[in-house]
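Engineer: Under the UniProt record's numbering, think of the first position of the sequence shown as 3, with each following residue one higher. Heads up, the beta-carbon is just placed ideally off N, CA and C, and yes, glycines get one too. From a predicted model like this one, the values you see are computed outputs, not experimental measurements.
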Amino acid sequence: NRKLVMIPGPTPVARSTQNEMGRETTAFGDPLFVRDFKGLIEDLKVMMNTDGEVFVVAGTGTMAMEMAVANVTKRGDNILLVSHGFFGDRFIDLCQRKGLNVDVLASEWGKAVPVEEIDRKLSEKSYAAVTVTHVDTATGVCAPVAEIGEMMRKHPETIYIVDGVCASAAEPEDMAGMGIDVLLTGSQKAFGVSPGLAIVWAGKKALERRKQLGTIPEFYIDFEKWLPIMENPAKYFATPAVNLIWALKDAVRIINEEGLKERQDRHRKVAKATQAAMEALGFRILAEEGYRAVTLSNLIYPEGVDDLEFRNTLSEEGVFVAGGLGAYAGRMFRLGHMGNIDMHDSVSAIAAIERTLYRLGKHSELGKGVGVFMKEMMG
Ligand code: PMP
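1. Inspect the beta-carbon positions of residue 183 and residue 133 and report whether they are closer than 8 Å.
2. Pull up the CB-CB distance for residue 10 and residue 297, whole angstroms please, since I reckon it's below 8 Å.
3. Give the single residue among 317, 354 and 160 whose Cα lies nearest to the Cα of residue 127.
4. Can you find a heavy atom of the ligand PMP that lies under 7 Å from the Cβ of residue 135?
5. Can you name the start and end residues of the alpha helix (DSSP H) that residue 147 belongs to?
6. Starting from residue 57 and walking both ways along the beta strand (DSSP E), at which residues does that stretch end?
7. Whole angstroms is fine: what's the gap from residue 344's alpha carbon to residue 243's?
8. Is residue 3 helix, strand or coil by DSSP?
9. Pull the bridge partners of residue 334 from the DSSP assignment, please.
10. Going straight from the alpha carbon of residue 191 to that of residue 157, what length do you get?
11. Starting from the C-beta of residue 59, find all residues in its chain whose C-beta is less than 6 Å away, skip the five residues before and the five after it, and write them out in chain order.
12. Kindly list the residues whose CB is nearer than 6 Å to the CB of residue 332, restricted to its own chain and excluding five residues on each side of it in sequence; keep chain order.
13. Taking residue 81 as part of the beta strand (DSSP E), name the residues at either end of that continuous run.
14. How about the region 48-67 and the region 101-121: do they share at least three Cβ pairs that are nearer than 8 Å?
15. What I want to know is whether the C-beta of residue 139 ends up closer than 7 Å to one or more non-hydrogen atoms of the ligand PMP.
16. Can you give me the C-alpha to C-alpha distance between residue 18 and residue 294, rounded to a whole angstrom?
Written out as structure tokens, the structure is:
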């Protein structure tokens with residue numbers, strides 16, 4: 003019985019990408035690997051339209067968050083954290099440990115912080131950096147990163163950091179176009195690679211800030227340590243994750259074959275249809291309209307549906323989903339629909355959700371959700 007993994011990461015990994023991880027590991031100085039790594043770095047820079055550098059380093063999204071902050075701030079600096087949930091909040095402890103003065107603009111879960119509020123905060127005080135989580139995986143809220151970037155042009159002293167862990171390669175991101183200075187993600191979400199790689203893009207302004215800081219306390223995640231390697235991967239600082247880098251290169255090939263724009267459109271279409279189908283089945287979407295992510299849906303249960311019973315039955319029906327976080331644990335589940343998850347998987351997942359509700363005695367009109375999904379897709 004094949005199980006569909008429909009969680010918001012790790013996401014399904016294509017066979018060709020898996021094959022890259024199964025290759026015989028070579029020396030990181032192997033000219034063929036160096037060529038592959040170099041090509042990957044170039045492709046990633048083009049993908050996010052940066053005038054700076056990209057760092058591909060073994061680690062997870064959390065490490066990427068730390069890398070972003072560590073390279074553009076120093077102890078005693080002010081930092082503004084815009085939080086739309088659990089992952090936005092993750093920056094709080096991370097930044098406090100670094101001795102930063104932390105101000106937080108947090109929304110009620112499901113809502114987005116108004117851009118004017120961020121603008122007002124940035125006008126009151128001088129901030130070294132601001133962090134925005136593009137899609138907060140705990141709430142499914144997608145931040146208006148382009149609009150924030152436009153507003154940020156009035157505050158050139160502030161470095162604009164975007165956490166794209168649950169967004170990059172699915173939601174539109176254009177560093178130069180949107181004024182993003184640092185963008186970060188992990189390999190296991192919309193890129194469709196196994197967990198283990200952190201990807202951090204830094205524009206010119208961020209790299210200049212790093213230079214001004216002199217020596218920073220962090221060692222492994224220091225931009226300056228990695229810059230020579232990203233410019234020439236034949237050099238050594240710390241051992242690159244050879245097979246994961248090959249896997250990411252394959253994932254980027256898949257993305258470019260589909261086309262980044264086409265991929266974003268596909269995500270938007272599937273997300274909209276999925277969300278309409280789930281609403282038709284009685285679920286409520288946590289994120290407010292206009293701020294809904296395309297990468298996952300955060301679905302509040304209809305009255306009388308028990309979380310564990312639902313997810314256990316759904317797993318018997320062949321689909322893994324994720325539970326709710328924070329105050330929504332037990333009241334909500336999270337359905338991932340990003341990366342290699344496509345229309346076919348979504349139809350199957352919605353059908354399995356219908357069978358689950360049917361078995362729990364909460365749904366009688368089998369096919370209703372699938373019907374709505376297909377009408378939306380064809381409409
Ligand atoms: N930021 C966001 C938006 C995330 O969704 C996650 C992971 N779910 C992280 C950061 C942390 O990434 P990781 O688990 O790879 O450390």
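Structural biologist: On the basis of the coordinates in this document:
1. no
2. 7 Å
3. 160
4. yes
5. 147-154
6. 55-60
7. 28 Å
8. coil
9. 302
10. 31 Å
11. 200
12. 309
13. 80-85
14. no
15. yes
16. 31 Å
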